[in-house]
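Since the structure comes first, as structure tokens, the remarks are kept for the end.
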Amino acid sequence: MADHRLLTALANVNPAEIDNVFGHEGSLFRVSPSTAVAPIKRVAILAESFFPKVDGVAKLAYLTLRYLQESGREVLVLAPDIAPAQVGPSRVERLSSFSLPCAPETRVALPWRSVARALDDFQPDLIHLFSPVIMSVAGLRNGRHQHIPVVANYQTDLPAYTQHYGYGFLASATESWLRYIHNSCHLTLVPSNYTLNQLRAKGYERLRVWRRGVDLNRYNPVHRSQAWRDRLLQGRDPESLLCLYVGRLAAEKRVDLLIDIARLPGVALTIVGDGAARDDLEQLFAGTDTVFTGYLYGEALASAYASADVFVFPGPSETFGQVVQEAMASGLPAVIINKGGITDLVQDA
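Residue numbers (my numbering): 622 to 970.
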């Protein structure tokens, strides 16, 4: 996998490069001829997060882009300016953005006039907003004025995030803003029944569950290997119970809660991922049987899942939890916090 900084400098990115990060098999989508001639021919994707950032919003936006490309649609992507200018046949309109002080890895693009101009030039049949907050408002406004259907994904529990970053006083205003955006769309897609019920109780309208799949060829117990287990253990006792966490290292993920597991005798904890909280977490876990690997992608990530013993995930504000589904497909039992959308995936044993 090429370095992210190199990819962002390229004028055109081969989708195969990103496929290795987010996953994509040509046969995965099984696009039928009837799908390819559906009335919707041109789709505009407005993604508040996009590659090279690695998170759930960026991954779903990319996989949706690849599906639409394979089904014969023309796609325009609007995303923060760290994105590549082109992904395969699809142009990416890169919007000026800035980093959040509390989460430097998060870029915020503002709804400049370039959004409306790009949409007017592209003339989409459908506008799809991925986790809309700020930038996507311009796309929503354009769609409503031009009588273009607007669909949104609800993927990020931002009101809960405000609590983790010391801005809890903004939780109510954030909820009101998100409700306004989503209720202005023709349809909001949510990833779990838990999230559907939570949003309905808060006054969100026109909701539908869009369930997430998992690539069972990539995430499969057959990828378990002693070599990868040794790599995850990094010299620790081979008889240890190897617990695995995969995900961003950010305040809202509450990886700090895993410290009690790390202190148990006979347990080795391996944390796969990176983010703004990594330095603090490495200090917290110092002296325990814990290893930080950074991000793993593609076949490496699949082998890491399959070669561990237990998957652990403490994040309380997930709307779904794709990594939990990937871990279970790889043959791991999952230990999670009993809260949020991940409760749709795991049952008490």
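Quick reminder that beta carbons are idealized off the backbone N, C-alpha and C, glycines included.
Distance, residue j Cα to residue i Cα
i      : j      : result
Lys823 : Tyr801 : 11 Å
Phe650 : Arg829 : Low confidence applies here, because Phe650 scores a pLDDT of 41, under 50, leaving its location unreliable; read the following figure in that light. Going from the Cα of Phe650 to the Cα of Arg829 covers about 21 Å.
Asp778 : Gly760 : 21 Å
His844 : Tyr918 : 14 Å
Leu863 : Ala889 : 5 Å
Val696 : Met756 : 18 Å
Ser720 : Ala668 : 16 Å
Ser653 : Arg694 : At Ser653, the pLDDT of 45 sits below 50, so the modelled position is not reliable; the number obtained from the coordinates is stated separately. Answer to the nearest angstrom: the Cα atoms are 13 Å apart.
Arg827 : Asp746 : 20 Å
Tyr775 : Gly915 : 27 Å
Residue of the options minimising C-alpha distance to residue i
i      : options                           : result
Ser670 : Leu681, Lys662, Asp881 and Val664 : Leu681
Leu865 : Leu817, Asp930 and Asp910         : Asp930
Ile661 : Lys674, Pro673, Val675 and Leu689 : Leu689
Asp851 : Tyr926, Arg821 and Leu791         : Tyr926
Val736 : Gly693, Val758 and Gln847         : Val758
Leu731 : Pro710, Pro753 and Asp746         : Pro753
Thr685 : Gly908, Arg833 and Asn818         : Arg833
Leu740 : Ala665, Arg875 and Glu947         : Ala665
Tyr782 : Leu791, Glu920 and Val729         : Leu791
Cβ neighbours of residue i in the same chain (closer than 7 Å, five flanking residues each side left out)
i      : result
Leu905 : Asp877 and Ile880
Ala950 : Val835, Leu837, Tyr840 and Asn841
Arg869 : Asp676, Gly894 and Gly896
Burial state of residue i, where buried means 16 or more other Cβ atoms lie within 10 Å
i      : result
Glu903 : exposed
His768 : exposed
Phe751 : buried
Ala955 : buried
His766 : exposed
Ser846 : exposed
Phe932 : buried
Tyr683 : buried
Asn763 : buried
Glu873 : buried
Sequence-distant residues of the same chain with beta carbon closer than 6 Å to residue i, five excluded per side
i      : result
Val912 : Gln855 and Thr891
Glu939 : Gly961, Gly962 and Ile963
Arg715 : Asp702 and Ala704
Ile748 : Ala665, Gly760, Gly764, Ile769 and Val771
Ala948 : Tyr926, Phe932 and Ala955
Identified DSSP bridge partners for residue i
i      : result
Ser735 : The partner list for Ser735 (beta bridge, DSSP) is empty, contrary to what the question assumes.
Thr891 : Leu865 and Val912
Cut-off 8 Å between Cβ atoms - residues of its own chain near residue i, not counting five sequence neighbours on either side
i      : result
Gly887 : Asp858, Glu860, Ser861 and Leu862
Asp965 : Ser813, Asn814, Tyr815 and Phe941
Tyr825 : Tyr775, Arg800, His803, Asn804 and Thr809
Thr795 : Leu779, Pro780 and Thr783
Neighbour flag for residue i against chain C, beta carbons, 8 Å
i      : result
Pro954 : Reference to chain C is not applicable here, since this structure consists of a single protein chain.
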